[in-house]
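One structure is given below, encoded as structure tokens.
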Amino acid sequence: MTATLGGWILILLLVSYYLHILWRQIAARSPVAITAFVAGYFMLAALFRHAEPYPVLRPVWLPFIYCYVWLAFSAAIWLLATARASRRGLRFPGEPPLISALLCSQLTLSLGTLLLSPLLDWRPMAAYVMLPPVMVVLSYLLYRLFAVVLQRNGGNQLSWGVLLASTLLSPLLSMLLGAWLAPYLLGWT
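Okay, structure coming up:
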């Protein structure tokens, strides 16, 4: 099997997103976020370990392909440890705004995909599982949107409206992007 230029571009897209996640984790210097990131890897590896059929190294390398799922597991742990809920939204005291934006955006994308997929004929989940390059682009755009919202607020707080809109709209966007880009991406590989 020979890799095409398009296939290499898609792989580089995944690698660059993974490196961005690592850079953001290191730059944030948040012990809770780093610990959650490591724990998220092991949780996802354990989940892949129980999938059938089981190739020997699947739990080791598969989290690197689905780095957005890895980040969602990390975000769930991090959110439980750091978030403070109020009537206006979620606050993240002591956490850098960019790590808050990264983890919250990923959690809303994954949670929305999980919750809305049964209502949308599982198309958002199909894009989530079968189109990692599309999902990393969507994840990055959502992260940048959350970063702008956090910087405009001045504080490290996301309103319930932003969180709800992201949770509801991101699966719809992934479904539409998946339906539109899947034929092109299949032609590239």
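Okay, so the sequence shown: first residue is -1 according to the working numbering, each after it adds one.
For every residue, glycine included, the Cβ atom is placed at its ideal position computed from N, Cα and C.
Every value quoted in this text rests on a predicted model; they were computed, and no experiment measured them.
Where residue i sits in the DSSP three-state scheme
| i | result |
| --- | --- |
| Ser84 | coil |
| Pro12 | The amino acid at residue 12 is misidentified as Pro; the sequence shows Leu. Three-state result, Leu12: helix. |
| Arg89 | strand |
| Arg27 | coil |
| Pro130 | helix |
| Pro122 | helix |
| Ala44 | helix |
| Trp6 | helix |
| Gly176 | helix |
| Pro95 | helix |
| Ala1 | coil |
| His18 | helix |
For residue i, the residue or residues it bridges with in DSSP
| i | result |
| --- | --- |
| Gln155 | Arg89 |
Proximity below 8 Å, CB of residue i to CB of residue j
| i | j | result |
| --- | --- | --- |
| Thr111 | Tyr126 | yes |
| Leu118 | Pro169 | yes |
| Leu96 | Thr165 | no |
| Tyr39 | Ser137 | no |
| Arg89 | Gln23 | no |
| Ser172 | Val134 | no |
| Leu12 | Ile63 | yes |
| Gly176 | Leu129 | yes |
Residue i versus the options, residue with shortest Cα-Cα distance
| i | options | result |
| --- | --- | --- |
| Ala31 | Ser84, Val134, Leu77 and Leu166 | Leu77 |
Near the ligand COA: residue i beta-carbon under 7 Å from a heavy atom
| i | result |
| --- | --- |
| Ala74 | Questions concerning the ligand COA fall outside what the structure shown contains, since it holds no ligand whatsoever. |
Interface flag, residue i vs chain C, CB-CB below 8 Å
| i | result |
| --- | --- |
| Ser137 | Checking the listed chains, one finds no chain C in this structure; it contains a single protein chain. |
Quiz item: Any contact of the segment 64 to 84 with the segment 93 to 106, i.e. 3+ C-beta pairs under 8 Å?
Solution: yes
Quiz item: Does the segment 114 to 129 come close enough to the segment 151 to 161 that 3 or more CB-CB pairs lie under 8 Å?
Solution: no
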